[in-house]
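Heads up: the structure comes next, in structure tokens.
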Amino acid sequence: YNVYTSNRVNDFFHYHTKSAVNTSNEKMATRNISRIHVINLTEGLGDEIRKLLTKLKLDIEVKEISLLKSTDPTFDMVILRKLTSAALKEINAEEIEFLISHCPNIIEILSMDNNEIKWAQCTSAGVDRMFNSLASLKMKSDFIMTRTTGTERGQMMAEYVIGHILFRERRLDIVLEQQKQASYDRTSLAQYRMLSELSVGILGIGSLGLEVARVCKAMNMTVWAGIRDERFVSGETLFSHVDHLRPMSKLNEMLQECDYLVCILPSTPETTRLLSGDVLEPCKAKKTVLINTGRGTLIDDDSLINAVRQGWLGGAVLDVFNTEPLPKDSQLWTLPGVTITPHVSCLSKNNALMVAKSYVDNLVRYLKGDQLLNEVDFSKGY
1299 YNVYTSNRVN DFFHYHTKSA VNTSNEKMAT RNISRIHVIN LTEGLGDEIR
1349 KLLTKLKLDI EVKEISLLKS TDPTFDMVIL RKLTSAALKE INAEEIEFLI
1399 SHCPNIIEIL SMDNNEIKWA QCTSAGVDRM FNSLASLKMK SDFIMTRTTG
1449 TERGQMMAEY VIGHILFRER RLDIVLEQQK QASYDRTSLA QYRMLSELSV
1499 GILGIGSLGL EVARVCKAMN MTVWAGIRDE RFVSGETLFS HVDHLRPMSK
1549 LNEMLQECDY LVCILPSTPE TTRLLSGDVL EPCKAKKTVL INTGRGTLID
1599 DDSLINAVRQ GWLGGAVLDV FNTEPLPKDS QLWTLPGVTI TPHVSCLSKN
1649 NALMVAKSYV DNLVRYLKGD QLLNEVDFSK GY
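Numbering-wise, the sequence shown is residues 1299 to 1680 according to my numbering.
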């Protein structure tokens, strides 16, 4: 599936590149952009955007400020790094109209009384920080916000999910331990369940979730999905590669059928603590393994720890947390059956190119006056 998906992404971008080059000047002139600002934590992002603009024959200046140069080595500060007042003055922040950056910097610019931002794209898929700061933002009525997501990130998410499922089912933890001890023993490895025997449930059936569903189905897994009741009632019940669909009011019916529960939900008032308390008790039927790559706010730590200790969950794979980085004294680090990863499910060495492609594709759409992809709906919170 890697080759197929990769070709599909490249063909999609090539189509828009070719289309943009051959588009008449009149159509491309629907909107004009002379300069874009890149405030980034992604090495090489500005250069990749410039290359794509050159390929498209678009004469747009890329003004870049990198947040990578710092004497502070801690990753938590990198995640939340903001611009200094001197940096804001240096780049004439009040002149920024078109911006690509991570959420904290977009929030900074939008908090300025004299900001002129028309469109900003976040370099991540999650924009929950925006909604935590809405009261302080000075957004124009026609302001547009977009996220960076799509097929390539969906593929990375799917690879993360499948990789961890295979690691557990093949008991590679035991294999690694036995190798350290030079132990040639197959006794503990004879209970492998083929993926075709497994059911996976997905919460968050957007672009990322649909790609996870596609890949799981390609592995002959039975795929379940849960969606909001209003979405279910509206008749939006046909999703590619999903075998069984349940509204959230009947989530328990899905939980008791799934060997793995993959959560890719954004952080909104509706999803916060959605799985807290005894919600996961139906999982005890199959000792479901929870894989959370969406947001840590989906379940509080105490509820998660309790679900594992009570035997409702057979374990968990956690890439997101209520507090990031995960505190060193968190019980999750040593909880049996729990795997911790540092929010990396959608990171790769080609991250800059992927983000640049997503942005420039939307830039072409903006210039043509077309609907942008992955536009944030401020009424829904994502």
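Glycine is no exception: its CB is placed at the ideal position from the N, C-alpha and C atoms.
Where A1650 is concerned, the enclosing alpha helix (DSSP H) starts and stops at N1649 to K1666. Between L1501 and S1332, the alpha-carbon positions lie close to 41 Å from each other. Sequence-distant Cβ neighbours of L1670 in its own chain, meaning closer than 8 Å and more than five residues away, are W1417, I1442, T1444, N1660, R1663 and Y1664. Looking at the backbone, the Cα of A1384 and that of G1667 are separated by about 35 Å. Here L1549 is not near G1533, since their CB atoms are 7 Å or more apart.
The continuous stretches of beta strand (DSSP E) do not include S1481, and DSSP gives it neither H nor E. Shown here, T1591 sits in coil according to DSSP, grouped into three states, outside any helix or strand.
A1654 is classed as buried because its beta carbon has at least 16 other beta carbons within 10 Å across all chains shown. Distance between L1354 and D1557, taken at the CA atoms: about 47 Å. In the pairwise beta carbon analysis, the segment 1428-1436 is classified as touching the segment 1405-1420: at least three pairs are separated by under 8 Å. Rounded to the nearest angstrom, the Cβ distance from T1591 to Y1458 is 6 Å, consistent with a contact under 8 Å. Contact between the segment 1490-1510 and the segment 1530-1547 is present: 3 or more CB-CB pairs across the two stretches fall below 8 Å.
Straight-line spacing of the CA atoms in Q1489 and I1472 works out to 12 Å. Here T1446 is buried, its C-beta having at least 16 other C-beta atoms within 10 Å. For V1531, the enclosing alpha helix (DSSP H) begins and ends at D1527 to V1531.
Contact between I1389 and H1335 holds, with the beta-carbon distance rounding to 7 Å and staying under 8 Å. Taking C-beta separations shorter than 6 Å and ignoring five residues to either side along the sequence, the partners of F1530 in its chain run P1545, following chain order. A contact between stretches requires three or more CB pairs, one per stretch, nearer than 8 Å, and the segment 1341-1361 meets this requirement with the segment 1643-1657. Cα atoms of M1517 and D1617: separation of roughly 23 Å, rounded to the nearest angstrom. For G1594, the closest of V1615, K1584 and S1646 by C-alpha to C-alpha distance is V1615. In the three-state scheme derived from DSSP, where H, G and I count as helix and E and B as strand, M1455 is classed as helix. CA-to-CA, the gap between E1475 and C1514 works out to about 28 Å. Taken atom to atom, the span from the alpha-carbon of L1397 to that of E1359 is near 12 Å.
Look at L1432 here: in three-state DSSP terms it is helix. Note on geometry: alpha-carbon atoms of V1636 and Q1629 lie some 10 Å from one another. Distance from the CA atom of N1604 to the CA atom of E1392, rounded to whole angstroms, is 49 Å. In this structure, the beta-carbon distance from V1606 to L1633 falls below 7 Å. Spatial neighbours of D1598 in its own chain (CB-CB distance under 8 Å, excluding positions within 5 residues in sequence) are listed in chain order as R1571, S1574 and N1620. For the pair L1496 and M1519, the CB atoms are nearer than the 7 Å cut-off. Annotated as proximal: E1509 and G1452, with beta-carbon spacing under 7 Å.
For A1456, the number of other beta carbons within 10 angstroms of its own is at least 16, and it is reported as buried. Nearest Cα to L1365 within the set R1512, K1436, H1400 and L1432: H1400. For V1513, the uninterrupted alpha helix (DSSP H) segment begins and ends at S1505 to A1516. If you check the CB distance, K1584 and W1610 do not come in under 7 Å.
Counted as a single uninterrupted DSSP element, the alpha helix (DSSP H) harbouring K1349 occupies residues L1343 to K1353. Closest in alpha carbon position to N1330, among A1511, L1356 and D1345, is L1356.
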